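The structure appears below as structure tokens.
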Amino acid sequence: MESKPTIHFLLYKIAALYLKNLFLNNKEEAQKIQNEVQKYGYQDLIKTWPK
Numbered sequence: 026m027e028s029k030p031t032i033h034f035l036l037y038k039i040a041a042l043y044l045k046n047l048f049l050n051n052k053e054e055a056q057k058i059q060n061e062v063q064k065y066g067y068q069d070l071i072k073t074w075p076k
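This note's numbering numbers the first residue of the sequence shown as 26 and each following residue consecutively.
What follows is the structure, encoded as structure tokens:
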């Protein structure tokens, strides 16, 4: 989570935040992250994410 914000690692960091919220049962925040990623055109990235 402390890595330099390159675009490649930024996508991994977003995915990690999403998964962290799912594991902590914070589904509302996880859904917000998923919606934002989709809004910016990364539908292919999130279609494999667990729900």
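No residue lacks a Cβ here, since even glycine has one placed at the ideal position from N, Cα and C.
All figures in this text were calculated on a predicted structure; none of them were measured in a lab.
Checklist entry - Whose C-beta lies closer than 7 Å to the C-beta of Ile71 among residues of the same chain, with five residues either side of it excluded? => result Mapped onto the sequence shown, residue 71 falls at position 46. Once the five neighbours on either side are set aside, the close Cβ partners of Ile71 are Gln59, Val62, Gln63.
Next on the checklist: Once DSSP output is grouped into helix, strand and coil, what is the label at His60?
Outcome noted: By one-based count along the sequence shown, residue 60 stands at place 35. What sits at residue 60 in the sequence shown is Asn, not His. Note: Asn60 maps to helix in three-state DSSP.
Item to check | Own chain residues within Cβ distance below 8 Å of Asn46, not counting five before or after | outcome: Taking the first residue of the sequence shown as 1, we reach residue 46 at position 21. Excluding positions up to five away in sequence, the list reads Lys52, Glu54, Ala55, Ile58.
Checklist entry - Trp74 and Tyr37: beta carbons closer than 8 Å? => result As a first step, residue 74 is located in the sequence shown; it is residue number 49 there, counting from the start. As a first step, residue 37 is located in the sequence shown; it is residue number 12 there, counting from the start. No.
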